[in-house]
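A.B. asks: Residue numbers (our numbering), protein chains in the order written: chain A, 56 to 507; chain B, 56 to 507. C-beta atoms are modelled at their ideal positions from N, C-alpha and C, and glycine is treated no differently.
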């Protein structure tokens with residue numbers, strides 16, 4: 056590919072950037088958003104800590120955990136760093152409640168934050184060192200993601216896993232103080248393990264891919280430290296990641312304004328535990344409920360119109376599990392109109408089988424896509440049995456770049472997730488410590504507060 | 056893809072086949088070839104046991120090994136089953152001296168045999184149970200490989216790793232006695248981890264991919280046993296492995312004559328520790344040496360003509376490491392004409408830097424590809440300084456389907472590899488036990504003999 060020929064040396068330049076990057080060069084706004092991302096990620100891990108997928112993955116992996124060096128967020132039992140990184144990544148992402156990078160729809164915190172948190176428990180690092188490695192990892196994952204978008208995801212690659220592993224490897228490489236050669240090798244070892252299929256979304260095996268991205272990234276850096284050499288061009292080589300995993304990669308996207316514009320600033324936080332395409336739909340339902348004439352019992356039919364992705368990803372009238380509900384517009388509309396809430400308890404197995412939700416779900420007749428509607432917008436139309444109707448439009452969903460979640464809303468989300476997933480944990484000190492992470496001398500202190 | 060629509064139910068039917076398969080249905084010739092494959096695989100692992108790549112991978116992984124349940128072939132220290140499966144797979148393949156499946160160029164024993172050998176140390180199974188699971192794993196890996204060939208490898212996927220993980224998962228699923236649902240989940244968890252790039256060939260990171268295929272396959276089955284559910288169509292789904300990893304998959308190839316014709320019978324064993332395209336080249340050099348007029352000192356120039364793949368994969372005049380030498384026609388010609396041998400010691404770092412080899416390597420002026428030459432054929436032309444010349448043609452290389460290695464040659468290869476990689480091990484009892492594997496009551500006995 057001609058554009059790959061032009062990218063010769065890309066992997067090495069990226070390694071040099073990572074090697075030479077300094078916390079002093081990271082602007083305050085970037086630091087603050089990184090803090091929000093880790094805060095939000097630990098919150099979603101608390102919420103997912105006891106999900107069946109995570110418990111079952113732990114059942115399979117625990118017999119192969121070598122020690123108790125690292126915390127599984129929200130759990131008493133500890134695991135070795137690789138296993139903890141796997142489980143925490145899976146837990147952060149299991150409800151699809153973690154962050155989203157605008158443009159790639161990559162969820163970078165899940166594969167990356169667990170790696171730097173696990174390393175904080177095995178070597179002394181400060182909160183700012185942790186945040187810096189995290190910021191760099193997010194840059195690597197999101198920039199590689201942008202270079203292979205949109206073809207990569209469209210083809211069927213779960214971009215969070217496939218590109219996340221490079222971010223995880225980069226973040227680990229920074230904390231392990233690898234030299235330039237070793238960083239290239241870390242990326243090479245990651246390239247040999249990069250994986251994850253969209254086919255697994257909606258099933259527990261999605262978590263297998265996400266967990267593996269975190270574990271694989273960390274082990275790639277550890278292998279590089281031990282001298283396991285990789286190819287010189289793992290990204291831009293003729294049979295490297297970009298060429299193999301994308302029909303028309305744009306490698307220049309990886310280096311454009313690197314260290315000047317920060318991808319982490321394009322991270323959006325989700326107000327609701329489900330696919331990002333559902334955010335404006337839920338906003339619309341919660342707003343519609345406040346209309347004076349609203350009556351859930353009078354509803355005859357509901358339809359929704361949104362971006363074509365809404366139809367492609369979330370036109371799912373029949374759902375059997377909480378996981379499927381997370382990507383079902385029909386379920387989201389029914390549960391939100393009925394309950395006026397959109398939390399973890401509204402997208403679990405019990406909510407799916409709630410008789411009232413099921414009845415209302417059957418009344419959601421049409422999910423329509425429309426090329427002119429942006430992804431953060433949607434219109435919900437309610438038709439009542441008496442012939443009246445109500446339309447509710449949302450232009451910019453809560454959590455979109457145009458209407459970001461406030462810090463206060465993030466705190467409330469964190470507290471609600473902790474209550475849902477870890478009722479035994481006093482989450483308040485953990486929240487305070489995370490919010491102050493840039494000033495924490497020993498980042499290990501965070502994880503000590505994440506165990507009940 | 057239309058041909059994938061026609062394959063609906065493929066994953067489940069494959070799972071049913073695996074669940075219901077019985078050793079009694081496996082013909083004697085298939086059993087014998089499976090025994091040869093495991094024998095040859097353990098031999099190549101002995102040879103690679105102390106290669107730098109394996110030592111470094113072990114350095115990175117050993118701190119995360121939970122126990123000493125499983126043998127690392129040729130080593131005293133034991134590791135947990137996942138780590139041992141990783142290291143043994145990497146060691147079997149590190150010299151490219153393991154077996155090759157005709158048609159796909161997949162090396163199935165490396166990702167699969169280590170899994171069944173590790174399970175033999177953690178649960179009681181007989182030699183025939185081990186061989187049966189191995190045979191089934193090879194079927195799954197090679198049939199999936201055939202379904203995505205040739206586009207998959209051409210695109211840059213290292214098929215041994217990407218398809219090997221499904222074979223490893225299938226073999227483990229059989230020994231773990233998983234039910235049909237669980238086998239589909241095991242394939243789904245494998246699909247979330249399937250990876251490996253051709254870009255890594257010639258570098259230690261190739262071993263990362265191969266090791267990961269074995270480890271990932273085993274952990275996929277263990278996850279399925281723990282209830283980690285996967286998608287119902289991990290192979291044939293619209294965003295499943297076949298659609299994502301191949302432009303024009305032939306899913307029908309997976310089921311055609313399943314249980315009737317056995318892919319394992321298309322496994323070829325390598326007489327020389329290097330890329331399979333070099334086999335006829337080496338045969339030609341060893342034969343040329345026996346000509347009365349042969350004189351290594353008189354050689355002015357050498358050229359070789361073979362299949363286009365010879366040129367594509369092995370036209371490599373400048374080599375710096377043993378790994379690169381394994382895919383260098385120039386090196387193979389030089390070392391074989393000079394020494395008259397083609398063993399592990401002829402394709403290591405020392406051989407690459409041997410001054411006499413370097414001098415002769417520089418005289419190999421041309422490596423040519425020719426569409427009409429089959430992959431198992433080649434012609435080496437030697438031009439002497441006195442103007443005379445000698446041409447040596449090989450029609451069917453040693454180790455090809457048309458001219459398979461004899462059992463006696465396999466025994467000699469095994470013994471030579473053991474001497475090379477594990478001089479402290481008495482390899483004779485191990486060889487005898489492996490040769491009799493189908494009749495061994497407790498397969499654990501094999502691995503007990505594989506430690507010095």
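(1) Quick test of the definition: if touching needs 3 or more C-beta pairs under 8 angstroms, does the region 131-150 of chain B touch the region 161-175 of chain B?
(2) Shorter than 8 angstroms from the beta carbon of residue 147/B to some beta carbon of chain A?
(3) Less than 8 angstroms between the beta carbons of residue 202/A and residue 309/A, yes or no?
(4) Thinking C-alpha only, which one of 64/A, 461/A and 493/A is nearest residue 182/A?
(5) Going by C-alpha distance, which of 449/B, 451/B and 418/B is nearest residue 438/B?
(6) Is residue 254/B close to chain A, meaning its C-beta is less than 8 angstroms from at least one C-beta of that chain?
(7) Which residues in chain A have a C-beta closer than 7 angstroms to the C-beta of residue 226/B? List them in chain order.
(8) Determine the closest residue to residue 305/A out of 204/A, 394/A, 210/A and 99/A, with distance taken between C-alpha atoms.
(9) Using a C-beta cutoff of 8 angstroms, does residue 286/B count as contacting chain A?
(10) Using the C-alpha atoms, what's the distance from residue 404/A back to residue 475/A?
(11) Nearest-angstrom Cα distance between residue 162/B and residue 155/B?
(12) Pair every Cβ in the region 383-400 of chain B with every Cβ in the region 342-353 of chain B, then say whether three or more of these pairs are closer than 8 angstroms.
(13) Can you name the residues of chain B whose CB is closer than 8 angstroms to the CB of residue 100/A?
(14) Closest to residue 480/B by C-alpha separation, out of 237/B, 491/B, 507/B and 382/B, would be which residue?
(15) Where does residue 254/B sit, in a helix, a strand or coil, going by DSSP?
(16) If I measure Cβ to Cβ from residue 228/B and keep anything under 6 angstroms in the same chain, skipping five residues before and after, which residues do I get?
(17) Using the rule of at least 16 other Cβ atoms within 10 Å of the residue's Cβ for burial, across every protein chain shown, is residue 381/A buried or exposed?
(18) May I have the straight-line CA-CA distance separating residue 373/A from residue 452/A, to the nearest angstrom?
(19) So which of 100/B, 133/B, 336/B and 432/B has the shortest CA-CA distance to residue 116/B?
(20) Flag residue 211/B as yes if its beta-carbon sits less than 8 angstroms from any beta-carbon of chain A, otherwise no.
(21) With burial defined as no fewer than 16 other Cβ atoms inside 10 Å of the residue's Cβ, what is the status of residue 422/A: buried or exposed?
(22) What does a CB cutoff of less than 6 angstroms around residue 208/B pick up in its chain, not counting 5 residues either side in sequence?
(23) So which residues on chain B does residue 204/A lean against when the C-beta distance must stay under 9 angstroms?
(24) Just checking: is the beta-carbon of residue 510/A within a distance shorter than 8 angstroms of some beta-carbon in chain B?
(25) Which residues of chain A have a Cβ atom closer than 7 angstroms to the Cβ of residue 281/B, listed in chain order?
(26) At a CB distance below 8 angstroms, what residues from the region 262-273 of chain A approach chain B? Give them in sequence order.
(27) By DSSP's criteria, residue 412/A is part of a beta bridge. Which residues make up the other side?
(28) Considering only the beta carbon of each residue, do residue 101/B and residue 473/B sit closer than 8 angstroms?
(29) For residue 128/A versus residue 93/A, is the C-beta distance shorter than 8 angstroms?
(30) Among residues of its own chain, excluding the 5 on either side of residue 285/B, which ones have a beta-carbon nearer than 6 angstroms to its beta-carbon?
(31) Give me the subset of the region 166-194 of chain B whose CB atoms are less than 7 angstroms from a CB atom of chain A, sorted by chain position.
(32) Along chain A, which residues have their Cβ under 7 angstroms away from the Cβ of residue 383/B?
(33) Short of 8 angstroms in beta carbon distance, which residues of its chain neighbour residue 253/B, apart from the five on each side in sequence? Order them along the chain.
(34) Can you tell me the Cα-Cα spacing of residue 368/A and residue 114/A, whole angstroms?
(35) Determine the direct distance from the alpha carbon of residue 83/A to that of residue 496/A, and round the result to whole angstroms.
(36) In chain A, which residues lie less than 7 angstroms from residue 244/B when you measure between Cβ atoms?
C.D. replies: Walking through what the data contain:
(1) Yes, the region 131-150 of chain B is in contact with the region 161-175 of chain B.
(2) Along the second chain, one-based indexing puts residue 147/B at 92. Not one chain A Cβ lies under 8 angstroms of residue 147/B.
(3) Here the question's residue 202/A lines up with position 147 in the first chain. Here the question's residue 309/A lines up with position 254 in the first chain. Yes, the Cβ-Cβ distance between residue 202/A and residue 309/A is below 8 angstroms.
(4) Within the first chain, numbered from 1, the residue matching residue 182/A stands at position 127. The shortest Cα separation from residue 182/A among 64/A, 461/A and 493/A belongs to 493/A.
(5) Counting from 1 along the second chain, the entry for residue 438/B is found at position 383. Taking only the C-alpha atoms, the option nearest residue 438/B is 418/B.
(6) Here residue 254/B refers to the residue found at position 199 when the second chain is read from its first residue. Yes, its Cβ sits closer than 8 angstroms to a Cβ of chain A.
(7) The sequence position of residue 226/B within the second chain is 171, counting from 1. None at all; the shortest Cβ gap to chain A is about 17 angstroms.
(8) Locating residue 305/A in the first chain gives position 250, counting from the first residue. Of 204/A, 394/A, 210/A and 99/A, the residue nearest in Cα terms is 204/A.
(9) Here residue 286/B refers to the residue found at position 231 when the second chain is read from its first residue. Judged by the 8 angstroms Cβ criterion, residue 286/B is in contact with chain A.
(10) Your numbering for residue 475/A matches position 420 in the first chain. Your numbering for residue 404/A matches position 349 in the first chain. If you take the alpha carbons of residue 475/A and residue 404/A, they lie about 14 angstroms apart.
(11) Looking up residue 162/B in the second chain gives position 107. Looking up residue 155/B in the second chain gives position 100. Spanning the two alpha carbons is a distance of roughly 5 angstroms.
(12) yes
(13) Residue 100/A sits at position 45 when you count from the first residue of the first chain. The contacting residues do not exist; residue 100/A stays about 18 angstroms from chain B at best.
(14) On the second chain, residue 480/B is found 425 positions in, with the first residue counted as 1. Of the candidates 237/B, 491/B, 507/B and 382/B, the one whose C-alpha sits nearest the C-alpha of residue 480/B is 507/B.
(15) As a working mapping, residue 254/B is identified with position 199 in the second chain. Correct three-state label for residue 254/B: helix.
(16) As a first step, residue 228/B is located in the second chain; it is residue number 173 there, counting from the start. Only 238, 241 and 276 meet the Cβ criterion.
(17) Within the first chain, numbered from 1, the residue matching residue 381/A stands at position 326. Per the 10 Å Cβ criterion, buried.
(18) As a position in the first chain, residue 373/A is number 318, starting the count at 1. As a position in the first chain, residue 452/A is number 397, starting the count at 1. Each residue's Cα considered, the two are about 25 angstroms apart.
(19) Here residue 116/B corresponds to residue number 61 of the second chain, with the count starting at 1. Closest option to residue 116/B, Cα to Cα, is 133/B.
(20) Locating residue 211/B in the second chain gives position 156, counting from the first residue. Yes - at least one Cβ of chain A is within 8 angstroms of the one on residue 211/B.
(21) Here residue 422/A refers to the residue found at position 367 of the first chain. Its Cβ being crowded by 16 or more others within 10 Å, residue 422/A is buried.
(22) Translated into positions along the second chain, residue 208/B becomes position 153. The answer, listed in chain order, is 214.
(23) The residue given as residue 204/A occupies position 149 in the first chain. Simply none; closest approach about 15 angstroms.
(24) Any answer about residue 510/A is impossible in this case: the structure gives chain A only from 56 up to 507.
(25) The residue given as residue 281/B occupies position 226 in the second chain. By Cβ distance, chain A contributes 111, 114 and 115.
(26) 262, 263, 264, 267 and 271
(27) Numbered from its first residue, the first chain carries residue 412/A at position 357. According to DSSP, residue 412/A bridges with nothing at all.
(28) The residue given as residue 101/B occupies position 46 in the second chain. The residue given as residue 473/B occupies position 418 in the second chain. Against a cut-off of 8 angstroms, the Cβ pair of residue 473/B and residue 101/B comes out as a contact.
(29) Sequence index remark: in the first chain, residue 128/A carries index 73 (1-based). Sequence index remark: in the first chain, residue 93/A carries index 38 (1-based). Not in contact: residue 128/A and residue 93/A (Cβ atoms no closer than 8 angstroms).
(30) As a first step, residue 285/B is located in the second chain; it is residue number 230 there, counting from the start. Once the five neighbours on either side are set aside, the close Cβ partners of residue 285/B are 240, 243 and 244.
(31) Result list empty, no residue passes.
(32) In the second chain, counting from the first residue as 1, residue 383/B sits at position 328. Chain A residues near residue 383/B: none, gap ~16 angstroms exceeds 7 angstroms.
(33) For this step, residue 253/B is matched to residue 198 along the second chain. Within the same chain, residue 253/B has close Cβ partners 208, 211, 212 and 213.
(34) The count along the first chain starts at 1 and reaches residue 368/A at position 313. The count along the first chain starts at 1 and reaches residue 114/A at position 59. Cα to Cα, the separation comes out at about 31 angstroms.
(35) The residue given as residue 496/A occupies position 441 in the first chain. The residue given as residue 83/A occupies position 28 in the first chain. Between residue 496/A and residue 83/A, the C-alpha separation is close to 18 angstroms.
(36) Translated into positions along the second chain, residue 244/B becomes position 189. What residue 244/B touches in chain A: 260 and 263.
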